[in-house]
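>
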Amino acid sequence: TLSGIILDVTPHINDAGEIALDLIPQIKEYLGTSPIAPGSDIYAPLFKTREAKTQVMVKDGQTIFIGGLISEREVDRRTKLPFIGDLLGDIPVLGLLFSHKNIVKERVELIFFITVNIMSPDKEIKGVPLPSKAYVPLFTDTQRGNTVSTKKRLKKTY
385 TLSGIILDVT
395 PHINDAGEIA
405 LDLIPQIKEY
415 LGTSPIAPGS
425 DIYAPLFKTR
435 EAKTQVMVKD
445 GQTIFIGGLI
455 SEREVDRRTK
465 LPFIGDLLGD
475 IPVLGLLFSH
485 KNIVKERVEL
495 IFFITVNIMS
505 PDKEIKGVPL
515 PSKAYVPLFT
525 DTQRGNTVST
535 KKRLKKTY
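Here the sequence shown is numbered in this note's numbering, starting from 385 and rising by one per residue.
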């Protein structure tokens with residue numbers, strides 16, 4: 385898979401209307417490529433992956449949050465003197481006199497907020513159309529005995 389943020393959610397609804405959620409948040413960062421074997425000309429992508437697995441029990445309409453996916457990295461920061469540094473800071477050698485470079489540790493925590501709603505045919509959540517209402521048939525070709533229908537997605541304005 386590609387790099388980015390993936391949230392895998394598997395809901396299980398019991399007879400009491402409670403929802404057990406299996407949650408697997410995952411963050412993938414692309415690091416580059418590496419040969420698949422020493423001396424090989426074939427390269428494979430390298431990823432740094434962070435993931436957590438948890439299960440929670442919620443009721444319809446409740447909001448939960450998941451945190452703890454923390455990343456730390458060092459970032460090179462270059463600051464320039466006001467006015468003079470802006471003019472001369474990008475000139476090789478001379479720019480070093482009017483700028484300062486330092487390494488800053490950056491810490492980021494990703495938090496997911498999830499609101500759980502049980503969808504039923506007679507209930508529609510604000511702004512979330514039911515699948516049956518998201519498409520409408522344009523035409524049905526019944527002249528030749530075929531029941532071919534073409535559907536078009538509705539555009540909803542807010």
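Even glycine gets a Cβ: it sits at the ideal position worked out from N, Cα and C. Quick caveat, the model's predicted, so the values are computed rather than measured.
Can you check DSSP and say which residues form a bridge with L481?
Along the sequence shown, read from residue 1 onward, the residue named residue 481 stands at position 97. By DSSP's assignment, L481 forms no beta bridge with any residue.
> Going by DSSP in three states, D460 sits in which element: helix, strand or coil?
On the sequence shown, position 76 is the one that residue 460 refers to. Looking at D460 - three-state DSSP - the assignment turns out to be strand.
> DSSP on I468, reduced to helix/strand/coil?
Mapped onto the sequence shown, residue 468 falls at position 84. DSSP places I468 in helix when its eight states are reduced to three.
> Let me check understanding here. Comparing Cα to Cα, which of Q439, I420, L472, H396 lies closest to L430?
The count along the sequence shown starts at 1 and reaches residue 430 at position 46. Checked all of Q439, I420, L472, H396; the closest Cα to L430 is I420.
> So, is P422 buried or exposed, given that buried needs 16 or more other C-beta atoms within 10 angstroms?
For the purposes of this step, residue 422 is taken as the residue at position 38 of the sequence shown. Result: exposed.
> Could you give the residue range of the beta strand (DSSP E) that holds P429?
As a first step, residue 429 is located in the sequence shown; it is residue number 45 there, counting from the start. Element bounds for P429: 427-435.
> Do P409 and I450 have their C-beta atoms closer together than 8 Å?
For this step, residue 409 is matched to residue 25 along the sequence shown. For this step, residue 450 is matched to residue 66 along the sequence shown. Yes, Cβ-Cβ distance for P409 and I450 is below 8 Å.
> Decide if I411 is buried, meaning its Cβ has at least 16 other Cβ atoms within 10 Å, or exposed.
As a working note, residue 411 is residue 27 in the sequence shown. When all chains shown are included, I411 counts as buried.
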